[in-house]
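A.B. asks: In case it helps, the numbering used here puts the sequence shown at residues 9 to 401.
Glycine included, every Cβ here is placed at the ideal spot set by N, Cα and C.
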Amino acid sequence: SVILFWLSGGPSQIDMWDPKPNAPVEIRSPFETISTSVPGIQFTECLPLQASIAHKMSILRGVDCSASNHTPITMQAGNPLARRTNDGKDGAGYPSMGSIVAKFKGANDPVMPAFVGLANSWVSDVWGAGHLGSRFDPVKGLELANKFRLPTGINVDRLENRQALQQQFNAARKALDGNQTIDQYDRNTQRAFEMVLSGKVEKAFDLSQEDDSLRDEYGRISVGEKALLARRLVQSGVSFVLVSGAWGYFDHHGDNVRWGGIVKGLKPLLPRVDRAYYALVNDLEQRGMLDDTLVMMMGEFGRSPKINTQAGRDHWVPVMSMIMSGGGMQTGQVIGSSDQVGGEIRSGKVRPQDLAATTFRHLGIDLESSWITAQGRPVPIIQEGGCPIAELG
Numbered sequence: 009s010v011i012l013f014w015l016s017g018g019p020s021q022i023d024m025w026d027p028k029p030n031a032p033v034e035i036r037s038p039f040e041t042i043s044t045s046v047p048g049i050q051f052t053e054c055l056p057l058q059a060s061i062a063h064k065m066s067i068l069r070g071v072d073c074s075a076s077n078h079t080p081i082t083m084q085a086g087n088p089l090a091r092r093t094n095d096g097k098d099g100a101g102y103p104s105m106g107s108i109v110a111k112f113k114g115a116n117d118p119v120m121p122a123f124v125g126l127a128n129s130w131v132s133d134v135w136g137a138g139h140l141g142s143r144f145d146p147v148k149g150l151e152l153a154n155k156f157r158l159p160t161g162i163n164v165d166r167l168e169n170r171q172a173l174q175q176q177f178n179a180a181r182k183a184l185d186g187n188q189t190i191d192q193y194d195r196n197t198q199r200a201f202e203m204v205l206s207g208k209v210e211k212a213f214d215l216s217q218e219d220d221s222l223r224d225e226y227g228r229i230s231v232g233e234k235a236l237l238a239r240r241l242v243q244s245g246v247s248f249v250l251v252s253g254a255w256g257y258f259d260h261h262g263d264n265v266r267w268g269g270i271v272k273g274l275k276p277l278l279p280r281v282d283r284a285y286y287a288l289v290n291d292l293e294q295r296g297m298l299d300d301t302l303v304m305m306m307g308e309f310g311r312s313p314k315i316n317t318q319a320g321r322d323h324w325v326p327v328m329s330m331i332m333s334g335g336g337m338q339t340g341q342v343i344g345s346s347d348q349v350g351g352e353i354r355s356g357k358v359r360p361q362d363l364a365a366t367t368f369r370h371l372g373i374d375l376e377s378s379w380i381t382a383q384g385r386p387v388p389i390i391q392e393g394g395c396p397i398a399e400l401g
């Protein structure tokens, strides 16, 4: 399974995982640099918990976001061809990695959804199935969390009777007008009935079943509870969970805009994502789930090396940093590097399509697979020579 923490807005590489303490004052982070559990690897002081488990992660400091812009599409699709164009068309309908997982792998438990999004701002934070079709869109976990149960006053027999009656109506209508969309509707409805009747989905969304001490470890705030919920979902059979939003956005242009600058805006957010990632990785490890679960944290691009006049950093697509843990992959390492000011990739470039290939290989998906457009054209799930990141093993 895969859990992706999405830092919407563009996380600052210099102020998080790729500090440049010897750079000029207008470049280097206002935060101090600290050592991690791996000699020679440093983070900023705002990520002490992640620093303590650096031996359980790989830090990618040469991620190429040159095809990306201020939407989730390119990086969540793992596809340089998937991007929002100037005329407003969204990446020609290329699907997200989660939707490809839903199509080519499905859920680890057939009762559970394959792809769940835990996000508050759906349009800006989550990319869906595109031309694959709504069948492979993510389940909106937060909106539906309380709807995977029988309505008050409705028992199982009554629900099954309603389902049987609905199927009769649909069969009659299809016989009259040959509407093929009813087949898709019936499949989706059947899935919904299965989810409600099994009780397993409802149970997975119930955080009250967790010990108070563990909930405290994750943090009783949005990102902490979403991270804990993500663990419960993959434990119950979901293949891909995206965690995003509600703890703030990482678009820190400066103190004159909504999300603030580096000190006033970014600094309060970092302890929250620091704790959530740390708690999730440790929890998965203690349960024997970490080798089977790939955990990633990234955004759509990095931030500019130079701090602007408003104490913030602007969008920066040439390089981004991200972290990965689990998945049975090699950890305790830095993959790639940026230049002396954190503005360009110096070595070990990782492209969106390489992230996709790494993710799909972990899940056992054939990298030669293609999906078929409505016009019958095959589209490879890996574009432009993407390949798994070699350093991860």
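Are the region 207-222 and the region 261-270 touching, with three or more C-beta to C-beta distances below 8 Å?
C.D. replies: Taking 8 Å as the limit for Cβ pairs, the verdict is that the region 261-270 does not touch the region 207-222.
A.B. asks: Going along the chain, which residues of its own chain have a beta-carbon closer than 7 Å to the beta-carbon of residue 345, five neighbours each way excluded?
C.D. replies: These residues qualify, in order along the chain: 69, 70, 354, 355 and 356.
A.B. asks: As a quick exercise: from 19, 309, 322 and 10, pick the residue whose alpha carbon is nearest that of residue 277.
C.D. replies: Per the Cα distances, 19.
A.B. asks: Leaving out the 5 sequence neighbours to the left and right, which residues in its chain are closer than 8 Å to residue 27 when beta-carbon positions are compared?
C.D. replies: Same-chain partners within the cutoff: 36, 37, 39, 41, 50, 51 and 52.
A.B. asks: Would DSSP call residue 381 helix, strand or coil?
C.D. replies: Reduced to three states, the DSSP call for residue 381 is coil.
A.B. asks: In chain order, what residues of the same chain lie with their CB nearer than 6 Å to the CB of residue 391, ignoring the 5 residues before and after it?
C.D. replies: Within the same chain, residue 391 has close Cβ partners 87, 89 and 361.
A.B. asks: Is the distance from the Cβ of residue 408 to the Cβ of residue 14 below 8 Å?
C.D. replies: Residue 408 lies beyond the residue range present for the chain, which begins at 9 and ends at 401; the question has no answer from this structure.
A.B. asks: Compare the Cα-Cα distances from residue 312 to each of 9, 368 and 322 and report the closest residue.
C.D. replies: With distances taken between Cα atoms, residue 312 lies closest to 322.
A.B. asks: Could you check where the alpha helix (DSSP H) with residue 294 kicks off and where it finishes?
C.D. replies: Taken as a continuous stretch (DSSP letters only), the alpha helix (DSSP H) holding residue 294 covers 275-294.
A.B. asks: Mind checking residue 234: buried by the 16 CB within 10 Å criterion, or exposed?
C.D. replies: Buried, since its Cβ has 16 or more Cβ neighbours within 10 Å.
A.B. asks: Around the Cβ of residue 67, are there at least 16 other Cβ atoms within 10 angstroms (buried) or fewer (exposed)?
C.D. replies: The residue in question, residue 67, is buried, as its Cβ has 16 or more Cβ neighbours within 10 Å.
A.B. asks: Is residue 24 helix, strand or coil when you go by DSSP?
C.D. replies: Here residue 24 sits in coil by DSSP.
A.B. asks: How long is the line joining the alpha carbons of residue 252 and residue 75, rounded to whole angstroms?
C.D. replies: Each residue's alpha carbon lies about 21 Å from the other.
A.B. asks: Where do the ends of the beta strand (DSSP E) carrying residue 328 lie?
C.D. replies: Start and end: 328-334.
A.B. asks: Scan the region 75-142 and note each continuous beta strand (DSSP E) run of 3 residues or more that stays entirely inside, going in chain order.
C.D. replies: Entirely contained in the region 75-142, the beta strand (DSSP E) runs reaching 3 residues are, in chain order, 123-126.
A.B. asks: Whose CA, out of 65, 139, 296 and 91, lies closest to the CA of residue 101?
C.D. replies: When each option's Cα is compared against that of residue 101, the closest is 139.
A.B. asks: Run the CB neighbour count on residue 143, radius 10 Å, all protein chains shown included, and call it buried at 16 or more, exposed below.
C.D. replies: Per the 10 Å Cβ criterion, exposed.
A.B. asks: Look up residue 388 in the DSSP assignment and say whether it is helix, strand or coil.
C.D. replies: Strand, per DSSP.
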